[in-house]
Amino acid sequence: MARNVLNPAPKDLGTTSAPAPNPVADQQAALAGALNGTNDTPIAVRPNRPFANRPHAKSSVAGSEQSASPSSEVPTIPRQVAPVMTSQQRVMADTLNAVNRVDELEEQLRSGHAVVELDPFMIDASFVPDRMAPSEEAHRELVQAIRADGQIVPILVRPHPAEQGRYQVAYGHRRLRAATELGIKVRAVVRELTDEQLVVAQGQENNARTNLSFIEKARFALQLEERGFRRDVIMQALCVDRPRVSQMVKFASSIPLEIINAIGPAPGIGRRKWEDFAALITKGNIDKARHAIERAENSGRDSDAKFEAAYKALTTKAEIARPELWTAPDGARLAKYTETDEKFSLIIDRKLSPRFGKFLLSRLEQLYNEFQAADKE
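For the sequence shown, counting from 1, position 359 maps to 359 in UniProt numbering; every step adds exactly one.
Rendered as structure tokens:
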């Protein structure tokens with residue numbers, strides 16, 4: 001006869017005794033109470049029937065069902081039930097997940113792994129411009145291309161080092177200007193950059209995409225030098241060796257910056273002609289070069305043509321101005337005058353009118369006031 005391990009028979013069958021404590025049943029009762037929101041033991045689970053909530057085994061006799069004997073059942077480990085979160089816990093979990101997602105996005109932005117859309121008015125130019133103003137024709141072509149196809153290549157910016165919430169361009173100034181004009185957001189990669197990293201990225205990208213002209217490179221090298229950047233940083237930014245950097249800095253220093261800016265990038269003018277120009281220009285003829293550039297600009301000529309006009313003005317010998325005679329109404333030839341780009345000379349013949357010169361001088365202030373009044377009209 002098999003021994004009943006789970007429910008051994010009581011020694012005294014004639015007396016009724018309380019059922020033995022069952023720890024498994026107590027655990028099931030506590031679990032059921034937690035699920036039902038109460039500590040009361042549910043009816044489906046009775047302490048003296050620890051496995052009463054299990055499905056009954058079907059009898060082999062057709063048409064009849066019977067409960068399995070408690071003594072024949074094998075105990076099982078209660079199933080673990082996932083805890084139910086309250087609404088407050090769920091909100092806290094969602095908030096934590098959102099914060100984690102924001103942190104991940106910020107990390108992507110800092111490392112430059114994400115392209116974002118930024119308001120152009122929140123972006124400032126680089127602290128060292130390498131490019132001069134492009135021609136209006138080139139700008140219009142870029143605007144039309146972005147209007148038709150969108151901005152394909154993003155710009156590179158960094159968080160502004162001095163102004164919270166703003167950005168600073170490393171490269172992509174022309175695309176930023178076009179997006180601003182079109183009234184659209186600009187696609188950008190945001191990356192943490194030091195000043196040195198910014199100027200290196202700026203110079204190398206512009207060299208790779210559209211080569212800087214000779215004067216733009218020399219001007220950029222001089223500006224970096226004046227800001228205290230090391231020579232090796234300038235070499236990296238311009239992709240040139242140390243002797244070439246020294247030549248660029250020396251050359252750019254020999255031409256007044258106002259003349260360089262007035263001429264512009266001059267993409268068709270190479271190093272040799274710029275060096276000849278630098279040898280020609282002096283303090284005495286800066287005005288001559290400036291006037292030639294202004295006349296070319298007023299005629300709508302491009303940057304190369306402005307350089308050629310200034311170069312021609314410095315290499316062409318001034319023609320000797322021939323004096324012109326001024327004849328008075330009575331036929332007397334009292335004065336001669338000469339006129340050049342730089343001065344106007346009037347000579348009065350004292351033999352014909354000894355006092356006319358002093359008379360004219362006494363009326364000079366009145367004549368000048370009349371001239372100013374007429375000029376304002």
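Yeah, the Cβ is synthetic: ideal placement off N, Cα and C, and Gly gets one too.
Are L156 and G172 closer than 9 Å when you measure CB to CB? Sequence index remark: in the sequence shown, residue 156 carries index 156 (1-based). Sequence index remark: in the sequence shown, residue 172 carries index 172 (1-based). Yes, they are a contact pair.
Proximity of V200 and Q223 at Cβ, strictly below 9 Å: Here the question's residue 200 lines up with position 200 in the sequence shown. Here the question's residue 223 lines up with position 223 in the sequence shown. Contact flag unset, no.
Under 9 Å between C-beta atoms of I234 and P265: Locating residue 234 in the sequence shown gives position 234, where the first residue counts as 1. Locating residue 265 in the sequence shown gives position 265, where the first residue counts as 1. Going by C-beta atoms, I234 is not nearer than 9 Å to P265.
Would the beta-carbon of R230 be found less than 8 Å away from any heavy atom of the ligand GTP? Here there are no bound small molecules, and the ligand GTP is not part of this structure.
Coarse secondary structure for Q168, derived from DSSP in three states: Start at 1 with the first residue of the sequence shown, and residue 168 comes out as number 168. Here Q168 sits in strand by DSSP.
Grab the span of the beta strand (DSSP E) containing K351 for me, first residue to last. Working through the sequence shown from its first residue, we reach residue 351 at position 351. Unbroken run through K351: none, as it is neither H nor E.
Would you report the Cα separation of I184 and A145, rounded to the nearest angstrom? Taking the sequence shown and counting its residues from 1, one reaches residue 184 at position 184. Taking the sequence shown and counting its residues from 1, one reaches residue 145 at position 145. Computed Cα separation, rounded: 14 Å.
Less than 7 Å between C-beta atoms, sequence neighbours within five positions excluded: which residues of the same chain meet that for E181? For the purposes of this step, residue 181 is taken as the residue at position 181 of the sequence shown. For E181, where only same-chain residues beyond five positions count, the Cβ hits under 7 Å are V143.
When the Cβ atoms of the segment 351 to 371 are set against those of the segment 326 to 342, are three or more pairs found closer than 8 Å? yes
Could you round the C-beta distance between I347 and K358 to whole angstroms and report it? I think they count as a contact, below 8 Å. As a first step, residue 347 must be located in the sequence shown, where it is residue number 347. As a first step, residue 358 must be located in the sequence shown, where it is residue number 358. Not really, about 15 Å apart at Cβ, beyond 8 Å.
Inter-residue Cα distance where the pair is A262 and I293: Within the sequence shown, numbered from 1, the residue matching residue 262 stands at position 262. Within the sequence shown, numbered from 1, the residue matching residue 293 stands at position 293. The straight-line gap from Cα to Cα measures roughly 7 Å.
For the beta strand (DSSP E) that T327 lies in, which residues bound it at each end? Your numbering for residue 327 matches position 327 in the sequence shown. Element bounds for T327: n/a, residue is neither H nor E.
Below 9 Å between beta carbons: does that hold for W274 and A218? Locating residue 274 in the sequence shown gives position 274, counting from the first residue. Locating residue 218 in the sequence shown gives position 218, counting from the first residue. A contact, by the Cβ cut-off of 9 Å.
Distance between N369 and S253 (C-alpha atoms, nearest Å): Counting from 1 along the sequence shown, the entry for residue 253 is found at position 253. Counting from 1 along the sequence shown, the entry for residue 369 is found at position 369. Cα to Cα, the separation comes out at about 42 Å.
Does the beta carbon of F344 sit closer than 9 Å to a beta carbon anywhere in chain B? The chain inventory of the structure shown lacks chain B, comprising one protein chain alone.
Should G203 be labelled buried (16 or more other beta-carbon atoms within 10 Å of its own) or exposed? Numbered from 1 along the sequence shown, position 203 holds the residue referred to as residue 203. Buried is the label assigned to G203, since at least 16 other Cβ atoms lie within 10 Å of its Cβ.
Which stretch, first to last residue, makes up the alpha helix (DSSP H) that contains A125? In the sequence shown, the residue the question calls residue 125 occupies position 125. From DSSP, A125 is part of no alpha helix (DSSP H); its letter is neither H nor E.
Helix, strand or coil: which one does DSSP assign to K185? By one-based count along the sequence shown, residue 185 stands at place 185. Coil, per DSSP.
Can you round the beta-carbon distance between A313 and K306 to whole angstroms, since I take them to be within the 8 Å contact cut? Position 313 of the sequence shown, counted from the first residue, corresponds to residue 313. Position 306 of the sequence shown, counted from the first residue, corresponds to residue 306. Between A313 and K306, the beta carbon gap of about 11 Å keeps them out of contact (Cβ cut-off 8 Å).
With DSSP as the reference, label S303 as helix, strand or coil. The sequence position of residue 303 within the sequence shown is 303, counting from 1. Of the three classes helix, strand and coil, the one that applies to S303 here is helix, per DSSP.
Per-residue DSSP class, three states only, for T315: Position 315 of the sequence shown, counted from the first residue, corresponds to residue 315. In this structure, T315 counts as helix in the three-state DSSP scheme.
Could you tell me the distance, in whole angstroms, from the CA atom of S135 to the CA atom of P129? If you number the sequence shown from 1, residue 135 lands on position 135. If you number the sequence shown from 1, residue 129 lands on position 129. Straight-line Cα distance between these residues: approximately 16 Å.
Are P159 and V190 touching if we call contact CB-CB under 9 Å? To locate residue 159, count along the sequence shown from 1; it is residue 159. To locate residue 190, count along the sequence shown from 1; it is residue 190. A contact, by the Cβ cut-off of 9 Å.
Nearest to A188 by CA position, among N207, D119, A148, R272, is which residue? Sequence index remark: in the sequence shown, residue 188 carries index 188 (1-based). Residue D119 is the option with its Cα nearest to A188.
Using CA coordinates, which residue listed in R175, A309, Y167 is at the minimum distance from V153? Within the sequence shown, numbered from 1, the residue matching residue 153 stands at position 153. When only C-alpha atoms are compared, the closest one is R175.
If you draw a straight line from the alpha carbon of L334 to that of D375, how long is it in whole angstroms? Residue mapping note: residue 334 aligns to position 334 of the sequence shown, counting from 1. Residue mapping note: residue 375 aligns to position 375 of the sequence shown, counting from 1. Their backbone Cα atoms lie some 27 Å apart in a straight line.
In this structure, how does DSSP classify K336 when only helix, strand and coil are distinguished? What you label residue 336 is simply residue 336 of the sequence shown in a count that begins at 1. In the structure shown, K336 sits in a strand (DSSP, three-state: E or B).
Would you list the residues sitting across from residue 386 in a DSSP beta bridge? The structure shown does not extend to residue 386, since the chain is modelled only from 1 through 377, so no value can be given for it.
CA-to-CA distance, N211 to V245, given in whole angstroms: As a first step, residue 245 is located in the sequence shown; it is residue number 245 there, counting from the start. As a first step, residue 211 is located in the sequence shown; it is residue number 211 there, counting from the start. Straight-line Cα distance between these residues: approximately 17 Å.
Following the continuous beta strand (DSSP E) through P265, name the residue where it begins and the one where it ends. Along the sequence shown, read from residue 1 onward, the residue named residue 265 stands at position 265. Where P265 is concerned, there is no enclosing beta strand (DSSP E), given that its DSSP letter is neither H nor E.
S71 burial status per 10 Å Cβ neighbour count (16 or more: buried): Numbered from 1 along the sequence shown, position 71 holds the residue referred to as residue 71. Only weak support exists for where S71 lies, its pLDDT of 43 falling under 50; the value from the coordinates is given anyway. The residue in question, S71, is exposed, as its Cβ has fewer than 16 Cβ neighbours within 10 Å.
When DSSP builds the beta bridges, which residues end up paired with P323? To locate residue 323, count along the sequence shown from 1; it is residue 323. Under DSSP, P323 forms no beta bridge with any residue.
Separation of T86 from R46, as counted between CA atoms: Start at 1 with the first residue of the sequence shown, and residue 46 comes out as number 46. Start at 1 with the first residue of the sequence shown, and residue 86 comes out as number 86. With a pLDDT of 44 at R46, under the threshold of 50, the modelled position of that residue is not reliable, and the figure given next carries that caveat. For R46 and T86, the distance between alpha carbons rounds to 29 Å.
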